[in-house]
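Colleague:
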Amino acid sequence: MESRVNLFRTQAGELVVALPETGIDPAWLARPLAQLGLENAASYTAVRVEMPASRRWSTPDAAFFARLLAEVEAPGRRIELKGLPPELEKLLALARGARRPVAAANVRQPGIGERVGLAAMRGVDDARALVALLGEVVLLLPRLLAGRAKMRRAELVEVLAESSSRALPIVAVVSLLMGAILAFVGAVQLKTFGAGIYVANLVGIASVRELTPILTAIVLAGRTGASFAARIATMQSNEEIDALVAIGVSPVEFLVLPRVVALGLLMPLLYVYGCGFALLGGMAVAMPVLDVSATAYVAQTQHAIAGAHFAIGALKALAFGGLVALIGCHHGLCAPRSAAGVGSATTSAVVSSIIGVIALDAVFAICANALKV
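262 is the number that my numbering gives to position 96 of the sequence shown; each next residue is one higher, with no gaps.
Here it is as structure tokens:
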């Protein structure tokens, strides 16, 4: 025999809920409340519960009352609940306190000023978090130099391989084409003035000082930085980051530190490698277009490039490498715990890295101009 709930209305407008001794039959949870005697839901002033003294509450009882209150209470209207046992008061208070869905038509869309302001605030918060992460990495460097950093050697070797040897082909192709394009554009313009040999100066200085470190950093941002963000975001989604924290291992020390150090140290080597291919690409175009010998082109390049140009380019490469790795790890750690969050973190890491590299290069240009280097 099923446990039927009796609902009836008093003269004072209260809805009385009489519960049986045996409890609520779970079958009633899926049936219309009108079959129990529920009339016009908006007409009740209060809900009063009547039950035997020896009655013990169960999960179906709580589910039934949550459903009943959802039917009786109109939007913006609260009904007093009487006779409720203390063990269910908190549970039903949470259920009643949940926000009701707001109609889309009533939601006010923020104006362009508000959207710009919110975007600026998110940018400031993101920059603050990135600076805090940088501070943690800097504070952990002494532990790394002392050999006491908590990291796996196998993962460090994997990061070194991913950041160096596997990036050599694409860095070579991009640098070679960049040098060839510079030489071709310069040759077309300088040849009209009879100064075609100065194409070597253009390609040499532009490649060594500016374009090679920037393009190498952008290539690694789309390849290695995105990989860092995707891998750490996946670990965040799988709760592996939480597991590291639970066993007392800092995620920054275990995941971020080796990646920042590896990419920061390998970027100057990739920069030198890219410079060689950029100069080679420029010479390959200048020789047939300008009809100059390889000896003359190399001599002019050596005369044009000073040691300061290489020093500035190598310093940029070092800073760009650390920045790309730091941004990739930062977006991975801040990624939402979902598959969509992994994709969002990867995209944000690439975009932020490219913007950060260009902005940092502008800072280098201002400092170099102030120092007259």
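C-beta: ideal position from N, C-alpha, C; glycine also.
Here the structure is a predicted model, which means the values were calculated and not measured.
1) How would you call L185, buried or exposed, if buried means at least 16 neighbouring beta carbons within 10 angstroms?
2) Quick one: residues in its chain with C-beta nearer than 6 Å to the C-beta of A271, no 5 flanking neighbours on either side, listed in chain order?
3) Decide if V337 is buried, meaning its Cβ has at least 16 other Cβ atoms within 10 Å, or exposed.
4) Does the stretch 442-455 come into contact with the stretch 356-368, if we say contact requires no fewer than three beta-carbon pairs (one atom in each stretch) closer than 8 Å?
5) Between V438, V458, R318, F443, which has its C-alpha nearest W344's C-alpha?
6) What is the DSSP secondary structure of A399, reduced to helix, strand or coil?
7) Would you say V415 and K316 are within 7 Å of each other, going by their C-beta atoms?
8) Using a Cβ-Cβ distance cut-off of 7 Å, determine whether G313 contacts chain B.
9) Per DSSP, what are the beta-bridge partners of E246 in this structure?
10) If you compare alpha carbons, which of V304, D457, G430, R389 is closest to G360?
11) Need the endpoints of the alpha helix (DSSP H) that L185 sits in, please.
12) Assign R397 to one of two classes, buried (16 or more other C-beta atoms within 10 Å of its C-beta) or exposed (fewer than that).
13) Apart from the five residues just before and just after A269, which ones in its own chain have a Cβ nearer than 7 Å to its Cβ?
14) Measure the beta-carbon distance from A387 to V523 and round it to whole angstroms, keeping in mind my assumption that it falls under 8 Å.
15) Between Y437 and A485, how many whole angstroms is the CB-CB distance? I'm expecting something under 8 Å.
16) Does the contact criterion of 3 or more C-beta pairs under 8 Å hold for the stretch 422-431 versus the stretch 485-498?
17) Within the same chain, show all residues whose beta-carbon is closer than 6 Å to that of E280, passing over the 5 residues directly before and after it, in chain order.
18) Is the stretch 512-522 touching the stretch 375-391, taking contact as three or more C-beta pairs under 8 Å?
19) The alpha helix (DSSP H) spanning E405 covers which residue range?
20) To the nearest angstrom, how far is the alpha carbon of A462 from that of L326?
21) Is it the case that the Cβ atoms of C495 and V422 are separated by a distance below 7 Å?
22) Go through its chain and collect everything with a Cβ distance to M401's Cβ below 7 Å, but skip five positions before and after it.
23) Given V340, which residues of its chain have a CB within under 7 Å of its CB, disregarding the five upstream and five downstream residues?
24) Based on Cα-Cα distance, which residue from S329, A534, L537, R425 lies nearest to L435?
25) Where are the alpha helix (DSSP H) runs, 4 residues long or more, that stay fully inside the stretch 405-489, in chain order?
Modeller: Short version:
1) buried
2) Only weak support is given to the placement of A271: the predicted model assigns it a pLDDT of 49, under 50, and the value that follows is read from those uncertain coordinates. Cβ neighbours of A271 beyond the five flanking positions: none.
3) buried
4) yes
5) Looking at the sequence provided, one finds Met at residue 344 rather than Trp. If we check each option's Cα against that of M344, F443 comes out closest.
6) Correct three-state label for A399: helix.
7) yes
8) The structure shown contains no chain B; it is built from a single protein chain.
9) According to DSSP, E246 shares a beta bridge with A212.
10) D457
11) Note, L185: premise wrong, no alpha helix (DSSP H); not H, not E.
12) buried
13) For A269, the predicted structure reports a pLDDT of 46, less than 50, and the residue's modelled location is therefore unreliable. The matter cannot be settled from this model.
14) 7 Å
15) Actually they are not in contact, since the Cβ atoms of Y437 and A485 sit about 11 Å apart, beyond 8 Å.
16) yes
17) none
18) yes
19) No residue range can be given for E405, since it is assigned to no alpha helix (DSSP H) and is classified by DSSP as neither H nor E.
20) Each residue's alpha carbon lies about 38 Å from the other.
21) yes
22) I407
23) Cβ within range, chain order: L381, V385.
24) S329
25) 406-412, 423-456, 460-470
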